[in-house]
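Report on the structure given below.
There are 2 protein chains.
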Amino acid sequence: MQFQLHTTDTASAARAGTITTAHGVIETPIFMPVGTVGSVKGVSQQQLKDEVDAQIILGNTYHLYLRPGTGILEQAGGLHKFNGWDRPILTDSGGYQVFSLAANRKIKEEGVVFQSHIDGSRHLFTPENVMDTQRTIGADIIMAFDECPPYPSEYGYAKTSMELTHRWLARCVQHFNSTEPKYGYEQSLFPIVQGSTYKDLRRASAEFVAGMECDGNAIGGLSVGEPEEMMYEMCAHCCEFLPADKPRYLMGVGTPWNILENIALGIDMFDCVMPTRNGRNGMLFTTQGVINIRNKKWADDLSPIDQGLDCATSRFYTKAYLRHLFISSEILGLTIASIHNLAFYLHLVRQARQHILAGDYTTWKNSMIPILKQRL
Amino acid sequence: MQFQLHTTDTASAARAGTITTAHGVIETPIFMPVGTVGSVKGVSQQQLKDEVDAQIILGNTYHLYLRPGTGILEQAGGLHKFNGWDRPILTDSGGYQVFSLAANRKIKEEGVVFQSHIDGSRHLFTPENVMDTQRTIGADIIMAFDECPPYPSEYGYAKTSMELTHRWLARCVQHFNSTEPKYGYEQSLFPIVQGSTYKDLRRASAEFVAGMECDGNAIGGLSVGEPEEMMYEMCAHCCEFLPADKPRYLMGVGTPWNILENIALGIDMFDCVMPTRNGRNGMLFTTQGVINIRNKKWADDLSPIDQGLDCATSRFYTKAYLRHLFISSEILGLTIASIHNLAFYLHLVRQARQHILAGDYTTWKNSMIPILKQRL
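For the record, the sequence lines run as chains Y and H.
In terms of the UniProt record's numbering, the first sequence opens at residue 1 and continues consecutively.
In terms of the UniProt record's numbering, the second sequence opens at residue 1 and continues consecutively.
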């Protein structure tokens, strides 16, 4: 994997770059749609390419390990072959889902024992076997196995947890380096900074992570309930100690304005379920602001969902029709809202990149945020 | 509307024709996907064109009248403008849904009083106002308001019901002829033959319907629970007394083999929720037979859903991936199965047409039916 840094904004830490992977090029800053079990919910692979123009999608190791399982993924030749997505894929390590979804999880030095949320079966995730699982999934970018402490966490717990994450990281790196890709193309490992909301822990973690000299670095444990200002403070602090010549990935963030603010702090990569999950609830992010499409006011609005986007779906369907689909519980409504929201997120990061390259990112961002936040 | 009859099969009553409407040409025999509330469930308008190649879709007057309502449909300039489907649309009369879905329905000479299944509100459908509603929806083909008796029905009830349907039909025709299209293009009215499973009633009804000299004629009240052989017998009997120079539409039918058998009896048009509804339950109709995609046997089958179809979705996704989507309750599974089944139905009627034109329809049909019926 190669990362080329083209420009850093003069008035902020925003950067425009290019990541080159075995499955193609990613222009940063980038947003990665979440394809939990190998499908971005409600959106076909063709729509992801043609309508959303996604450059990379995310898969969840926890979900894919449980269903369909590594056997069929290996038989298919990896997730790309299994789901027909031939652009880059990043997989998380499963740590976050083990802590948020699984039952009876028990953290030990060796790893985490848990029960499947589907059938109660018992499993063990270790730094080593999670590397193996992601090798088998065939992700272009593999995430280290970490513990993600909740917000708020006591200092003592946050520190102990971070230290465990660091010991696991060392094991991840060693196991990753001692194993080969399964399908003939290169995979990259990204470690994850933890440390909850404590600046000294975040610095220590960022320095430890930076010392691993991986292809890119991630910041985890944010956007878990803390105030937005605290997220920005922690993110900025981490970025200070993460190398500038590697891509920086802020996990699980966030709203459109969160993304623009974090780009300004030096983040290159984002993922979040918000565009698809909120879309399925009828919440649309548009170039003019936020829409609750179920609202009565859209019942006779025959204007396109968003004329400001270069997305056929957003221009073809009207607000009145989309509202009708939601009110009538039609599946197509979920699909249209998901495609639109994802297309909007991708549009937003493309715009951000253009403004970074043009040298006016901060001005543009400050003018955009009030528009993006307004409720229509 | 114009109907041109190209060929009638020598060994059967199968016909190949062309219907020309204001929104384009329909090659018969044809299958019409059902777009209940103005959306074919789970399938986008673009997919309906590009993947399914639907030539005409159906809308349900009962559903569209209740939601989104005629106000917004008129404001949009009709359903074509509201849902973005610019090819032909046929609307049923609402009669069938009033009898199957609505609460506290009461049949009177004037029409039917019923309560909405959505909010319990009271409404009256009459032959006249149902014509007005369909004028407002802007369908290319409008159906007469009829009563659809259940199976089985006593002879006396079937006869009384049929006579009411005939009196309503006369009122429909008179009101239709005394009103104008709302959006500047021509609309056609199709009357409906009833008579339950009684040959003398079916003949009387077909002769009454034929006497109306409408642009096309429909057969209703079949595929409501009677044995298949009885459906074929009634259909053949009706076709005998319906003019050959008008399209014949068999409402609500059916399985792939039902369609091929009824084409052989002289039917030109079909609609059915089966491809979409069964698709959403994981039942796939393919060129090789019927598949229950949830079955364990497909878990590691990495072959395309159906290589025999000229449909990108059916060739792109594998059985193993589609099964995974169904087992994981992913929305995309419903969409893929619906697209595939509809594409298969359209493929089937296209093939039927080619064999009618080639003169070997009956031989082909008899060789196909055992294949279509087999469980894979």
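For each residue, glycine too, the CB sits at the ideal point set by N, CA and C.
This structure is a prediction, so every number in the text was calculated from the model and none was measured.
Which term fits residue i, buried or exposed, when burial requires 16 or more other beta carbons within 10 angstroms of its beta carbon?
{"i": "Asp92/Y", "result": "buried"}
{"i": "Thr20/Y", "result": "exposed"}
{"i": "Glu51/Y", "result": "buried"}
{"i": "Asn60/H", "result": "buried"}
{"i": "His63/Y", "result": "buried"}
{"i": "Asn258/H", "result": "buried"}
{"i": "Gly225/Y", "result": "exposed"}
{"i": "Ile327/H", "result": "buried"}
{"i": "Gly35/Y", "result": "buried"}
{"i": "Pro247/Y", "result": "buried"}
{"i": "Pro370/H", "result": "exposed"}
{"i": "Asn281/H", "result": "exposed"}
{"i": "Ala343/Y", "result": "buried"}
{"i": "Thr10/Y", "result": "exposed"}
{"i": "Ile118/H", "result": "exposed"}
{"i": "His347/Y", "result": "buried"}
{"i": "Ala244/H", "result": "exposed"}
{"i": "Asp306/H", "result": "buried"}
{"i": "Tyr157/Y", "result": "exposed"}
{"i": "Tyr185/Y", "result": "exposed"}
What did DSSP end up calling residue i once you bin it into helix, strand or coil?
{"i": "Leu222/Y", "result": "coil"}
{"i": "Tyr249/H", "result": "strand"}
{"i": "Met283/Y", "result": "strand"}
{"i": "Arg203/Y", "result": "helix"}
{"i": "Gly289/Y", "result": "strand"}
{"i": "Pro370/H", "result": "helix"}
{"i": "Pro243/Y", "result": "coil"}
{"i": "Met143/Y", "result": "strand"}
{"i": "Asp132/Y", "result": "helix"}
{"i": "His123/Y", "result": "strand"}
{"i": "Gln75/Y", "result": "helix"}
{"i": "Gln4/H", "result": "strand"}
{"i": "Asn295/H", "result": "coil"}
{"i": "Gly333/Y", "result": "helix"}
{"i": "Glu233/Y", "result": "helix"}
{"i": "Ile192/Y", "result": "strand"}
{"i": "Lys106/H", "result": "strand"}
{"i": "Asn217/H", "result": "strand"}
{"i": "Thr313/Y", "result": "helix"}
{"i": "Arg167/H", "result": "helix"}
Kindly list the residues whose CB is nearer than 8 Å to the CB of residue i, restricted to its own chain and excluding five residues on each side of it in sequence; keep chain order.
{"i": "Ser303/H", "result": "Thr318, Lys319"}
{"i": "Ser39/Y", "result": "Asn83"}
Below 8 Å on the Cβ atoms is my contact criterion, and I expect residue i with residue j to pass it. Report the Cβ-Cβ distance as a whole number of Å.
{"i": "Met1/H", "j": "Ser121/H", "result": "Wrong, their Cβ atoms sit about 35 Å apart, outside the cutoff."}
{"i": "Cys148/Y", "j": "Gly220/Y", "result": "6 Å"}
{"i": "Val349/H", "j": "Pro152/H", "result": "Not really, about 30 Å apart at Cβ, beyond 8 Å."}
{"i": "Arg15/Y", "j": "Ile356/Y", "result": "7 Å"}
{"i": "Lys41/Y", "j": "Glu330/H", "result": "7 Å"}
{"i": "Met162/H", "j": "Gly111/H", "result": "Contact doesn't hold; Cβ gap of about 17 Å is too wide."}
{"i": "Val290/H", "j": "Met283/H", "result": "7 Å"}
{"i": "Ala144/H", "j": "Ile89/H", "result": "About 17 Å separates the two Cβ atoms, so there is no contact after all."}
{"i": "Phe190/H", "j": "Cys214/H", "result": "6 Å"}
Near residue i, which residues of its chain fall below 6 Å by C-beta distance, leaving aside the five closest residues on each side in sequence?
{"i": "His166/H", "result": "Phe208"}
{"i": "Asn177/H", "result": "none"}
{"i": "Trp364/Y", "result": "His355"}
{"i": "Asp301/H", "result": "Lys319, Ala320"}
{"i": "Met212/H", "result": "Val173, Pro191"}
{"i": "Ala352/H", "result": "Pro29, Ile263"}
Skipping 5 residues on each side, what residues in its chain have a beta carbon closer than 7 Å to that of residue i?
{"i": "Leu265/H", "result": "Ala13, Tyr232, Cys235, Ala236, Cys239"}
{"i": "Tyr155/Y", "result": "Tyr198"}
{"i": "Arg323/H", "result": "Ile293, Arg294, Trp298, Ala299"}
{"i": "Thr126/Y", "result": "Glu110, Gly111"}
{"i": "Ala358/Y", "result": "none"}
{"i": "Gln4/H", "result": "Gly17, Thr18"}
{"i": "Gly252/H", "result": "Ser223, Asp271, Cys272"}
{"i": "Ala312/Y", "result": "Glu51"}
Exercise. Would you check if the stretch 323 to 341 of chain H and the stretch 74 to 91 of chain H touch, i.e. whether three or more CB-CB distances between them fall below 8 Å?
Key: no
Quiz item: On the three-pair Cβ rule with 8 Å, is the stretch 132 to 140 of chain H touching the stretch 103 to 115 of chain H?
Solution: no
Quiz item: the stretch 308 to 333 of chain Y: which residues have C-beta closer than 7 Å to a C-beta of chain B, in chain order?
Solution: Absent here is chain B; the protein component of the structure consists of chains Y and H.
Quiz prompt | Segment contact flag, the stretch 195 to 207 of chain H with the stretch 173 to 187 of chain H, C-beta cutoff 8 Å, min 3 pairs | solution = no
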